[in-house]
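Here's the structure, in structure tokens; my notes come after.
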Amino acid sequence: MNFIYDVLLNFNDGRIYDFYEWGEKDDVEYFKKVPVFKINNETYRKILVGNIIASDAILDKMHCNSEVYDQKMIRQVEYVCIFTNGYEAKGVLLNKQGQILMLSKLLIDEEEEVLDIVEMNDDIKLEIKVQNEASKGNNFLTRSESYKMFFLNKEIDSLYAYKKINKLKYLYYECFNQMEEEIDITYKKLKEFLNDNWSDKHENLYNLIRLSYSKNNK
Numbered sequence: 019m020n021f022i023y024d025v026l027l028n029f030n031d032g033r034i035y036d037f038y039e040w041g042e043k044d045d046v047e048y049f050k051k052v053p054v055f056k057i058n059n060e061t062y063r064k065i066l067v068g069n070i071i072a073s074d075a076i077l078d079k080m081h082c083n084s085e086v087y088d089q090k091m092i093r094q095v096e097y098v099c100i101f102t103n104g105y106e107a108k109g110v111l112l113n114k115q116g117q118i119l120m121l122s123k124l125l126i127d128e129e130e131e132v133l134d135i136v137e138m139n140d141d142i143k144l145e146i147k148v149q150n151e152a153s154k155g156n157n158f159l160t161r162s163e164s165y166k167m168f169f170l171n172k173e174i175d176s177l178y179a180y181k182k183i184n185k186l187k188y189l190y191y192e193c194f195n196q197m198e199e200e201i202d203i204t205y206k207k208l209k210e211f212l213n214d215n216w217s218d219k220h221e222n223l224y225n226l227i228r229l230s231y232s233k234n235n236k
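Sequential numbering from 19 applies to the sequence shown in the working numbering.
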């Protein structure tokens with residue numbers, strides 16, 4: 019069985035973040051060692067959406083074989099490993115039933131080390147119980163974009179609830195370059211727009227709203 023030593027993992031139960039998005043409040047853990055398993059690409063994709071690993075042999079292999087630095091001691095972790103398809107790698111935290119609880123990306127150099135470790139290895143067979151076909155995360159938004167999308171949705175909902183019609187119409191015009199007199203349609207179309215993939219238009223709308231608050235505070 020292969021291991022990687024001295025690796026940082028930032029487990030999240032929502033979407034997983036690139037290392038450059040890790041925040042000061044994240045619970046980043048420093049692992050002394052973690053077992054590494056190479057699997058085929060199809061199985062790897064199923065793992066990323068939070069399915070259940072039904073292979074008892076793999077669970078037995080990883081059981082208590084991860085060690086994490088915990089203040090001045092080293093603590094064993096029951097079910098943690100790193101899965102890779104030979105092109106990328108993710109840290110995985112599971113329970114004893116094989117349910118994937120949290121995922122973590124790796125630092126670039128540590129991910130490259132994982133790929134080097136398994137370069138000559140064959141894929142192991144891993145049985146997956148599919149529970150979820152959806153992509154784990156939020157449309158691949160960055161952490162900053164996720165916050166901005168939350169802010170925009172909250173702002174549009176608030177303007178509609180408090181009947182601030184003129185401002186709502188103004189934002190609609192900025193998005194679509196046309197006027198809409200019916201307030202319910204204005205609100206509906208703006209909400210549909212916010213459900214689209216993040217774009218420069220979303221960024222511009224966010225900056226416009228933030229600027230309006232800055233002017234009001236002067």
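Every residue, glycine too, gets a C-beta built ideally from N, C-alpha and C.
Item to complete: Using 10 angstroms around the beta-carbon of Ala179, count the other beta-carbons present and answer buried if the total reaches 16, otherwise exposed.
Response: The residue in question, Ala179, is exposed, as its Cβ has fewer than 16 Cβ neighbours within 10 Å.
Practice prompt. On the DSSP bridge assignment, give the partners of Asn171 in chain order.
Written response: In the DSSP assignment, Asn171 forms no beta bridge with any residue.
Worksheet entry | Cβ neighbour criterion (16 or more within 10 Å) applied to Cys99 | Buried.
Worksheet item: By DSSP, does Lys51 sit in helix, in strand, or in coil?
Response: Under the three-state reduction of DSSP output, Lys51 falls in the strand class.
Worksheet item: Does DSSP classify Asp44 as helix, strand or coil?
Response: In this structure, Asp44 counts as coil in the three-state DSSP scheme.
Practice prompt. Can you grab the Cα-Cα spacing for the pair Asn103 / Lys182, in whole Å?
Written response: Roughly 51 angstroms between the two C-alpha positions.
Practice prompt. Answer yes if the stretch 166-179 comes into contact with the stretch 77-85, meaning at least three C-beta pairs across the two stretches below 8 angstroms, and no otherwise.
Written response: Three or more Cβ pairs closer than 8 angstroms define a contact, and the stretch 77-85 falls short of that threshold against the stretch 166-179.
Worksheet item: Straight-line CA distance for Ser232 to Met138?
Response: In a straight line, the C-alpha of Ser232 is about 57 angstroms away from that of Met138.
Practice prompt. Give me whichever residues DSSP pairs with Gln117 in a beta bridge.
Written response: Beta-bridge pairing links Gln117 to Ile70.
Fill in: Beta-carbon separation (whole angstroms), Val136 vs Leu124, contact threshold 8 angstroms
About 13 angstroms separates the Cβ atoms of Val136 and Leu124, ruling out a contact at the 8 angstroms cut-off.
Practice prompt. Leaving aside the five residues before and after Thr204 along the sequence, list all residues of the same chain whose C-beta is less than 7 angstroms from its C-beta, in chain order.
Written response: Result list for Thr204: Leu186, Lys187, Tyr190 and Glu198, in chain order.
Worksheet item: How many whole angstroms separate the CB atoms of Asn69 and Lys147, which I take to be in contact at a CB cut-off of 8 angstroms?
Response: In this structure Asn69 is in contact with Lys147, their Cβ atoms being roughly 6 angstroms apart against a cut-off of 8 angstroms.
Fill in: Same chain only: Cβ atoms within 7 angstroms of Gly116, ignoring 5 sequence neighbours per side
Excluding five sequence positions before and after Gly116, the CB atoms of its chain that fall closer than 7 angstroms to its own CB belong to Ile70, Ile71, Ala72 and Leu77, given in chain order.
Worksheet item: What three-state label does DSSP hand Ser217 in the structure shown?
Response: Residue state, collapsed to three classes: coil.
Worksheet item: When the distance is taken between beta carbons, is Pro53 closer than 9 angstroms to Phe29?
Response: No, Cβ-Cβ distance for Phe29 and Pro53 is not below 9 angstroms.
Fill in: Cys193 - DSSP class collapsed to helix/strand/coil
DSSP places Cys193 within a helical segment (H, G or I) once states are collapsed to three.
Worksheet item: Where do the N-terminal and C-terminal ends of the alpha helix (DSSP H) with Glu96 fall, by residue?
Response: According to the DSSP assignment, Glu96 belongs to no alpha helix (DSSP H), since it is labelled neither H nor E.
Item to complete: Over the uninterrupted alpha helix (DSSP H) stretch that includes Asp88, give me the two end residues.
Response: Unbroken run through Asp88 is the beta strand (DSSP E), Ser84 to Asp88; no alpha helix (DSSP H).
Worksheet item: If you run the structure through DSSP and keep just helix, strand and coil, what is Val238?
Response: Because the chain in this structure spans residues 19 to 236, residue 238 falls outside the shown range and cannot be described.
Worksheet item: Candidates Phe55, Lys51, Lys56 and Lys79: which alpha carbon is nearest Ile92's?
Response: When only C-alpha atoms are compared, the closest one is Lys51.
Discussion item. Spatial neighbours of Thr61 within its chain, please: C-beta separation below 7 angstroms, excluding the five flanking residues on both sides.
Written reply: So the list reads Leu144 and Ile146, once near-sequence residues are dropped.
Worksheet item: How would you label Ser217, buried or exposed, when you count the other beta carbons within 10 angstroms and need 16 or more for buried?
Response: If you draw a 10 Å sphere on the C-beta of Ser217, you find fewer than 16 other C-beta atoms in it, and that means exposed.
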